[in-house]
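Visitor: In this note's numbering, the protein residues as written are 2 to 155. The structure follows.
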């Protein structure tokens, strides 16, 4: 009996592979970008302002090499910690704005000029945001701690 042909293109759904909470995945991404010395790291809570993602992690790399290293560190450390891989990745060919889309969390790694031009913090100005303090870690971000507490209280 002949097999049924598969459609030429499968519809893509935006689903994550694991049940890691979005705030935990964002924290993993924050620590990864900090490990590679990204600067001006900001976390934005998008839950009440956008259906695109729950959190944005935005940072700046100071060279092409660093931008690539930051993106690779996020991919590797998040995979090791939670088994997650990005649903979609863009920008690795030009290294001016690398985007790693984990569905609930989107990580933006910018070079400084592109970050200033696109100014996501202003564009999404209604979203609560918090910069990571100098020398800080994800555990220092009150916005992520509140999200974790809210989920626990649930």
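Even glycine gets a Cβ: it sits at the ideal position worked out from N, Cα and C. Predicted model only: the values in this text are computed from it and were never measured.
#1: Checking the sheet assignment: what are the DSSP bridge partners for residue 111?
#2: Closer than 7 Å by C-beta to residue 72: which residues in its own chain qualify, once you throw out the five before and the five after it? Chain order, please.
#3: Taking the beta carbon of residue 87 as the centre, do at least 16 other beta carbons fall within 10 Å, making it buried, or is it exposed?
#4: Could you give the distance in angstroms between the alpha-carbon of residue 1 and the alpha-carbon of residue 135?
#5: Would you grab the beta carbon distance between residue 145 and residue 129 for me? Rounded to a whole angstrom, and I think it's under 8 Å.
#6: Residue range of the beta strand (DSSP E) that residue 90 falls in?
#7: Starting from residue 134, follow its DSSP beta bridges and name the residues at the other end.
#8: Can you list, in chain order, the residues of its chain whose CB lies under 7 Å from that of residue 30, leaving out five sequence neighbours each side?
#9: Should residue 61 be labelled buried (16 or more other beta-carbon atoms within 10 Å of its own) or exposed?
#10: Quick check: what's the CA-CA separation for residue 122 versus residue 132?
#11: Run through the DSSP bridge pairs and tell me what residue 45 is partnered with.
#12: Which residues mark the beginning and the end of the alpha helix (DSSP H) in which residue 34 is found?
#13: For the alpha helix (DSSP H) holding residue 151, just list the boundary residues, first then last.
Guide: A quick look at the data gives this:
#1: Here residue 111 refers to the residue found at position 110 of the chain shown. According to DSSP, residue 111 bridges with 61 and 98.
#2: Within the chain shown, numbered from 1, the residue matching residue 72 stands at position 71. Excluding positions up to five away in sequence, the list reads 93, 99, 101 and 110.
#3: Numbered from 1 along the chain shown, position 86 holds the residue referred to as residue 87. By the neighbour-count rule (16 or more Cβ atoms within 10 Å), residue 87 is buried.
#4: Because residue 1 is not part of the residues shown, which for the chain are 2 to 155, the question remains open.
#5: Here residue 145 refers to the residue found at position 144 when the chain shown is read from its first residue. Here residue 129 refers to the residue found at position 128 when the chain shown is read from its first residue. With 8 Å as the limit, residue 145 and residue 129 do not qualify as a contact, their Cβ atoms being about 11 Å apart.
#6: Taking the chain shown and counting its residues from 1, the one referred to as residue 90 is at position 89. From DSSP, the beta strand (DSSP E) with residue 90 extends over 89-91.
#7: By 1-based counting over the chain shown, the position of residue 134 is 133. Looking at the DSSP assignment, residue 134 forms no beta bridge with any residue, so it has no partner.
#8: Numbered from its first residue, the chain shown carries residue 30 at position 29. 58, 75, 79, 106 and 108, listed in sequence order.
#9: In the chain shown, counting from the first residue as 1, residue 61 sits at position 60. Burial call: buried.
#10: To locate residue 122, count along the chain shown from 1; it is residue 121. To locate residue 132, count along the chain shown from 1; it is residue 131. Going from the Cα of residue 122 to the Cα of residue 132 covers about 11 Å.
#11: Position 44 of the chain shown, counted from the start, is the residue given in the question as residue 45. For residue 45, which the question treats as bridged, DSSP gives the partners 57 and 130.
#12: The residue given as residue 34 occupies position 33 in the chain shown. Run containing residue 34: 23-36, per the alpha helix (DSSP H) assignment.
#13: As a position in the chain shown, residue 151 is number 150, starting the count at 1. Looking at the DSSP string, the run of the alpha helix (DSSP H) that includes residue 151 is 143-154.
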